[in-house]
Amino acid sequence: MNDSDGHAPQPPGEPSPGASARSPLVAILTGAGISTDSGIPDYRGPQGLWRTDPEAEKLVTYDYYMNDPDIRRRSWRMRRDSPTWSARPNAAHEAVARLEQTGVPVRVITQNVDGLHQLAGLPDRKVLELHGSSRTVLCTRCAARSTMAEALERVEAGEEDPGCRECGGVLKSATVMFGQALDPEVLGEAVAVAKACDVFVAVGTSLQVQPAASLAEVAASHGARLVIVNAEPTPYDALADEVVREPIGTALPALLAELGGD
């Protein structure tokens, strides 16, 4: 994960070098809350999707999806109608990209699948998508990949449950559904970043979904300053050096401006 800023996470088990030897590494863990200002609803907040429509969880549960054609058809309709396609990066996404552009080493670890960090200008190599990307489609049989835009064109043309054009297998978004494990390589890189960083900012995440949530504890136990920006309490608030309850769209830009020396 080495790149143009000259900073790579230290190997697991090794302490990160002192801040005096390099620019401090800022790791930012983002959850659904960072994208609500872009019009994408969260899942576990007071008005979250899983609270307002518990049945919706079946549409993103692997076993239901693979074994029930009706669930797949409903899932494709949900994807087609998703607010993700009209969403644009908001002030929080732009603040993260702006911090990276100042030369501060930044790594984003995101639980989101919307791709808004990259649309805001953050280089793809600096974004670890723990739960994959909704902008890509994956065949569950042959692992062929294609774009979500192409698949949705087929849905619009009348294919309610489009199959893989290579092998006829079941297609799904290239996201981690309930019942699936995270990509171990991506998770391993995220753990390495958490161990190596000097500042770890958890923003817009309830810190309830493991193993992503435990990255906050990993960072704190390795000496990072832990900052949590979230409207609701999280299980890791007691570990944090700072807890911010202000709206993300104003709180995060102010916080990152300080880190960037503005």
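For the sequence shown, this note's numbering begins at 15 and goes up steadily by one. Note that the Cβ used here is the ideal one computed from N, Cα and C, for glycine as well.
Checklist entry - Under 8 Å, do T43 and L229 count as touching if we go by C-beta distance? => result In the sequence on display, residue 43 carries Leu and not Thr. Their beta carbons are under 8 Å apart, which means L43 touches L229 by this criterion.
Next on the checklist: When you compare the region 231 to 238 with the region 68 to 83, are there three or more beta-carbon pairs, one atom per stretch, that lie closer than 8 Å?
Outcome noted: no
Next on the checklist: Quick check: the region 180 to 188 against the region 206 to 215, are at least 3 beta-carbon pairs closer than 8 Å?
Outcome noted: By the C-beta criterion, the region 206 to 215 is judged not to be in contact with the region 180 to 188, since fewer than 3 inter-stretch pairs fall below 8 Å.
Item to check | Whole-angstrom C-beta distance between G47 and I262, which should lie under 8 Å | outcome: 6 Å
Next on the checklist: Between the region 131 to 143 and the region 160 to 179, can you find at least three pairs of beta-carbon atoms closer than 8 Å?
Outcome noted: no
Checklist entry - What are the boundary residues of the alpha helix (DSSP H) that E202 is part of? => result The sequence as given places Gly at residue 202; Glu does not occur at that position. Unbroken alpha helix (DSSP H) run through G202: P198 to A210.
Checklist entry - Do L221 and V40 have their CB atoms nearer than 8 Å? => result no
Item to check | Whole-angstrom distance between C181 and A35, CA atom to CA atom | outcome: Low local confidence applies: a pLDDT of 47 at A35 is under 50, so the model's placement there is unreliable, and no value is given.
Item to check | Of the listed residues A101, E69 and P103, nearest to S89 (C-alpha basis) | outcome: E69
Checklist entry - What's the C-alpha gap between D251 and V151? => result 36 Å
Next on the checklist: Rounded to whole angstroms, what is the Cα-Cα separation between Q224 and D175?
Outcome noted: Near 31 Å, if we compare the C-alpha coordinates of D175 and Q224.
Checklist entry - Hey, which unbroken runs of the alpha helix (DSSP H) at 4 residues or more fall wholly within the region 85 to 172? => result 105 to 115, 130 to 133 and 162 to 170
Item to check | Residue burial classification, G218 (beta-carbon count within 10 angstroms, cutoff 16) | outcome: Buried, since its Cβ has 16 or more Cβ neighbours within 10 Å.
Checklist entry - Taking DSSP as the reference, what is the three-state secondary structure of A268? => result helix
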